[in-house]
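K.L.:
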Amino acid sequence: MNKDVYILGIESSCDETSVAIVKNGCIDLATVVLSQMDVHANYGGVVPEIASRMHVENITIVIEECLRKANLTMDDITAIAVTYGPGLIGSLLVGVVAAQTLSYVYNKPLVPVHHIAGHIYANNLTKQMAFPLIALVVSGGHTELVYMKDNYSFEKIGGTLDDAVGEAYDKVARIIKVPYPGGPLVDKMSHQGRDSYNLPIPLDDDSYNFSFSGLKSAVINLVHNEEQRGNEINKEDLACSFQTRVVNILCKKTLRALKSFNVNNLIVAGGVAANSGIRERLTAICEENNINLTIPEFKYCTDNATMIAAAGYFAYQLGRRAGLDLKAKANTPLE
Amino acid sequence: MKILFLDTSSFFVSVAILEDSNVLYLYQDEIYDDMSSKIMPIIEEGFNKVDFNINDIDKIIVANGPGSFTGVRIGVTIAKVLAWSLKKDIITVSSLELLATTPFNTKYIIPMIDARRGYVYAGVYDNNLNSVLEDQYIKYDDLKDYFDNSTIVSFNELDNATKPIIDVVKVVEKHKNDKGVVSHLVNPNYLKKTEAEEHLEEKND
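In order, the protein sequence lines correspond to chains B and U. Residues in the first sequence are numbered from 8 upward in steps of one, following this note's numbering. Residues in the second sequence are numbered from 4 upward in steps of one, following this note's numbering.
1) Give the straight-line distance between the Cα atoms of THR73 of chain U and ALA105 of chain B, rounded to the nearest whole angstrom.
2) Mind pulling the chain U residues with CB within less than 8 Å of GLY97 of chain B?
3) Sort out for me which residues DSSP pairs ASN272 of chain B with in a bridge.
4) Provide the residue span of the alpha helix (DSSP H) that contains GLU234 of chain B, from first to last.
5) With ASN343 of chain B as the anchor, note down where its alpha helix (DSSP H) starts and where it stops.
6) In this structure, how does DSSP classify GLY371 of chain B when only helix, strand and coil are distinguished?
7) Going by Cα to Cα distance, which pick from B:TYR187, B:TYR13 and B:GLU18 is closest to TYR307 of chain B?
8) Count the CB pairs spanning the stretch 61–75 of chain B and the stretch 180–197 of chain U that are closer than 8 Å, and state whether there are at least three.
9) Anything in chain U within Cβ reach of GLN199 of chain B, meaning under 7 Å, just list it in chain order.
10) Compare the C-beta of LYS223 of chain B with all C-beta atoms of chain U and state if any pair is closer than 8 Å.
11) Measuring CB to CB, does ILE81 of chain U end up less than 8 Å from SER13 of chain U?
12) Could you compute how far the alpha carbon of ALA38 of chain U sits from the alpha carbon of ALA335 of chain B?
13) What residue range does the beta strand (DSSP E) around ASP138 of chain U cover?
14) Give the single residue among B:SER146, B:LYS163 and B:ARG263 whose Cα lies nearest to the Cα of TYR154 of chain B.
15) May I ask you to verify whether the stretch 113–121 of chain B touches the stretch 304–324 of chain B, counting CB pairs closer than 8 Å and requiring at least 3?
16) Is MET115 of chain U helix, strand or coil by DSSP?
17) Counting C-beta neighbours from all protein chains within 10 Å, is the total for PRO209 of chain B 16 or more, i.e. buried, or is it exposed?
18) Between the stretch 26–40 of chain B and chain U, which residues of the former have a C-beta closer than 7 Å to a C-beta of the latter?
19) Hey, is LEU49 of chain B's beta-carbon within less than 8 Å of any beta-carbon in chain U?
20) Please name the residue in U:TYR30, U:GLY126 and U:ILE93 whose C-alpha comes closest to that of VAL18 of chain U.
21) Could you tell me which residues DSSP puts in a beta bridge with VAL118 of chain B?
22) Tell me whether the beta-carbon of LEU41 of chain B lies closer than 8 Å to the beta-carbon of VAL69 of chain B.
23) For MET59 of chain B and chain U, any beta-carbon pair shorter than 8 Å?
24) Are the C-beta of TYR204 of chain B and some C-beta of chain U separated by less than 8 Å?
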């Protein structure tokens with residue numbers, strides 16, 4: 008019998024300082040997420056310098072709290088996994104430097120984890136991932152379709168050419184004066200409205216790429232024009248019209264990817280995986296087409312270290328290691 | 004007493020391992036990029052050269068700013084995680100005081116870090132590293148009263164400034180018996196709010 012593997016994960020790529028301990032890549036023993044969302048809400052978005060400062064303030068507190076919660080010590084930990092990128096560089100490097108230090112002091116292997124790999128492996132905490140699969144990664148910073156033949160084999164088949172889907176949601180929220188972070192509220196409002204506004208369909212071509220900036224601009228122009236004419240916007244209808252365009256194109260390209268790669272496992276990952284419009288449509292499509300759909304629990308959709316520790320387990324098993332010279336990278340391809 | 008000293012608050016990095024007043028390992032050099040990937044390997048190299056390991060450290064002394072925001076964060080993060088791991092307290096020292104260890108023959112020394120737009124981070128110190136004017140974010144010109152009997156030192160290109168020569172031992176000797184602070188409570192001393200915070204305050208005034 009193989010020995011149990013305990014991975015301590017560290018995530019600090021944006022505005023959450025998080026540490027988690029995961030056993031064997033699937034059991035969440037303890038997760039601590041310290042979100043800075045309330046602070047950044049005062050500025051209408053994440054302020055990188057403030058985020059970096061708060062990570063430093065909180066890092067040891069979060070590590071300690073996680074071990075306490077798991078009732079483990081660092082001696083019980085097999086390896087340390089950390090998000091090295093992509094993300095805000097000043098934020099990332101706090102987690103990376105903390106992980107380097109723990110790795111050196113406790114003489115534990117250091118495992119580098121790509122943030123998107125983390126989002127994908129959040130699914131393994133919900134249900135053991137079956138391959139081959141297509142992963143739809145949707146968040147504030149990412150919109151990607153990834154084909155995985157096996158564990159840790161990532162083939163990006165498409166991605167956004169401009170705004171990430173979550174970014175488009177937040178910008179639309181701002182223009183219709185919904186407080187930050189507005190994505191979840193736009194989702195909620197869309198259920199109370201009708202698809203009555205004539206908005207463009209975003210990049211509907213043969214590729215697996217996405218483009219949301221045109222749709223976002225169309226919403227902004229529409230709101231400005233109506234304001235100038237003195238007409239009131241029906242926010243619920245506008246939210247519904249926007250969400251319908253987004254959900255349609257995401258589902259259409261995802262289904263096409265599943266068919267052309269002849270895959271019947273779909274996983275969804277990232278903060279926007281919590282979007283009910285996307286969940287509902289994908290659930291229906293997958294039922295219709297006999298596709299196994301996994302969406303992580305809500306708490307694993309937004310940024311967290313549990314997913315980093317889960318991905319870190321598979322990276323560790325494959326022998327992926329970083330030295331004390333591990334670099335934080337703002338932009339880095341999923342590999 | 005085994006001491007680890009860290010200063011990553013500017014491109015001129017100091018990492019030292021001392022036993023009492025003896026410097027057993029000293030790294031002092033310029034690091035211009037990727038500092039976050041270079042400090043732990045330097046610390047590792049240091050402990051490879053001395054006959055004890057990092058777990059034997061009694062005191063951790065870190066320069067916690069002011070200086071490069073990112074640079075300060077790297078040193079402070081290492082110090083915090085290390086201190087938490089070893090269950091030791093941290094002694095913080097001012098990055099400006101460290102510059103004030105430069106030999107000088109005037110009454111005072113004014114260590115400065117360029118903060119742009121005519122501003123500097125600066126303090127005024129005497130020959131025993133006592134603070135005469137506390138570290139602050141200040142207009143270069145507002146320090147003029149001190150200029151006649153002071154030496155100005157800075158790594159940056161500032162008027163009348165000469166290059167500092169950092170004496171780690173001098174600052175360690177002065178502070179090694181200071182009361183330390185528990186890792187959770189140690190933070191960088193940026194001496195300046197973020198621009199976003201300043202704008203928000205202006206808007207709310």
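Note that the Cβ used here is the ideal one computed from N, Cα and C, for glycine as well.
P.N.:
Judging by the given coordinates:
1) Position 70 of the second sequence, counting from 1, holds the residue named residue 73 of chain U. Position 98 of the first sequence, counting from 1, holds the residue named residue 105 of chain B. The straight-line gap from Cα to Cα measures roughly 14 Å.
2) Mapped onto the first sequence, residue 97 of chain B falls at position 90. The contacting residues are PHE72, THR73 and ARG76.
3) Counted from its first residue, the first sequence places residue 272 of chain B at position 265. Per DSSP, B:ASN299.
4) For the purposes of this step, residue 234 of chain B is taken as the residue at position 227 of the first sequence. Counting along the chain, the alpha helix (DSSP H) containing GLU234 of chain B begins and ends at 220–235.
5) No answer is possible for residue 343 of chain B: the residues shown for chain B start at 8 and end at 342.
6) Within the shown structure, residues of chain B are numbered from 8 to 342, placing residue 371 of chain B beyond reach of any answer.
7) By 1-based counting over the first sequence, the position of residue 307 of chain B is 300. The option with the nearest alpha carbon to TYR307 of chain B is B:GLU18.
8) yes
9) Within the first sequence, numbered from 1, the residue matching residue 199 of chain B stands at position 192. Here the premise fails: no neighbours, minimum Cβ distance about 33 Å.
10) As a position in the first sequence, residue 223 of chain B is number 216, starting the count at 1. Cβ-Cβ to chain U under 8 Å: no for LYS223 of chain B.
11) The count along the second sequence starts at 1 and reaches residue 81 of chain U at position 78. The count along the second sequence starts at 1 and reaches residue 13 of chain U at position 10. Not in contact: ILE81 of chain U and SER13 of chain U (Cβ atoms no closer than 8 Å).
12) Counting from one through the second sequence, the residue named residue 38 of chain U turns up at place 35. Counting from one through the first sequence, the residue named residue 335 of chain B turns up at place 328. With the sequence shown as reference, residue 38 of chain U is identified as Met, and Ala is not the correct amino acid for it. Their Cα atoms are separated by approximately 10 Å.
13) The residue labelled residue 138 of chain U in the question sits at position 135 within the second sequence. Element bounds for ASP138 of chain U: 134–142.
14) Sequence index remark: in the first sequence, residue 154 of chain B carries index 147 (1-based). Among B:SER146, B:LYS163 and B:ARG263, the Cα nearest to that of TYR154 of chain B is on B:LYS163.
15) yes
16) Numbered from 1 along the second sequence, position 112 holds the residue referred to as residue 115 of chain U. Note: MET115 of chain U maps to strand in three-state DSSP.
17) By one-based count along the first sequence, residue 209 of chain B stands at place 202. So PRO209 of chain B counts as buried.
18) none
19) As a first step, residue 49 of chain B must be located in the first sequence, where it is residue number 42. The sequence as given places Asn at residue 49 of chain B; Leu does not occur at that position. For ASN49 of chain B, the answer is yes, since a Cβ of chain U falls inside 8 Å of its Cβ.
20) Here the question's residue 18 of chain U lines up with position 15 in the second sequence. The candidate whose alpha carbon is nearest that of VAL18 of chain U is U:TYR30.
21) Locating residue 118 of chain B in the first sequence gives position 111, where the first residue counts as 1. B:ALA88.
22) As a working mapping, residue 41 of chain B is identified with position 34 in the first sequence. As a working mapping, residue 69 of chain B is identified with position 62 in the first sequence. A contact, by the Cβ cut-off of 8 Å.
23) Position 52 of the first sequence, counted from the first residue, corresponds to residue 59 of chain B. A small fix is needed here, since residue 59 of chain B is Ser in this sequence, not Met. So, interface residue.
24) Here residue 204 of chain B refers to the residue found at position 197 when the first sequence is read from its first residue. Output row for TYR204 of chain B: interface = no.
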